[in-house]
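First up is the structure itself, then whatever we jot down about it.
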Amino acid sequence: SHLSSLLLLIFLSPCYGESTQPLKGPFLGKRNMISLVGGVEFGGRGFASLGDFGIHYAQPDRFFRIPGRLVAELETFVGDYAKKTFYMFIFGVAQDIYLPIFRTGLYVGLGFGIYIRTKQGIRIGSAFTFGEKVFLGYAHNVAKGKGALSYEIFLKHYSNGSLTAINAGYNFVGGSIGYSF
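Each residue of the sequence shown is one higher than the one before, counting from 1 in full-length UniProt numbering.
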């Protein structure tokens, strides 16, 4: 659809601001972040027996002069869904933006990513997938300021943007812990 094409164009052509200094927020002035991520699927009937676990690598950037991070994500879906053992990997790149909450260590943000999955599955009729995320985080310095820890809670939705007729999607609620260096 035209909306999908527009979002992809916006995602792939960010405009960076003048400053190259990382802002506060999850990085606290550092240039790299490794995060461990975990979540559980939820829907209209509550939580499902499907989990999402992974590792993310991020670097600070700016998206239309808004502080952000470019994230490489590798995750796996594990669990028992609809009486079938359900395992797949998902890899992608996301652009997150965040707004630090003045002098508190807290920040809020949202992100958009494009992903490829190892299986089509019964809920999304394509291996190509989009993801949207909203998150709330807290960061603080450790190791005498040489590193920083960040903790986030998030809501994340995966779907294929109605590129196929099968597009039930996945919704996860979860958390992450990240180390910036």
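Cβ coordinates follow ideal geometry from the N, Cα and C atoms, glycine included.
Bear in mind the structure is a predicted one, so any value in this text is a computation, not a measurement.
- Look at the beta carbons and you see the stretch 161-179 touching the stretch 118-134: at least three pairs across the two are nearer than 8 angstroms.
- Taking a contact as a CB-CB distance under 8 angstroms, the pair P67 and R31 does not count as one, their CB atoms being some 14 angstroms apart.
- Burial state of S49 is exposed, judged by a 10 Å Cβ sphere holding fewer than 16 other Cβ atoms.
- Listed in chain order, the non-local C-beta contacts of F86 below 8 angstroms within the same chain comprise L50, F77, V78, G79, D80 and G121, local neighbours out to five positions each way being set aside.
- The closest CA to that of Y107, considering only T118, F135 and L149, is found on F135.
- Taken in chain order, the whole beta strand (DSSP E) runs of length 3 or more contained in the stretch 59-87 are 66-81.
- In this chain, the beta strand (DSSP E) harbouring T129 covers F128 to V142.
- The alpha carbon of F89 has as its nearest neighbour, out of I116, S159, I101 and E132, the alpha carbon of I116.
- With respect to the 8 angstroms criterion, E152 and S176 are classified as neighbours on the basis of their beta carbons.
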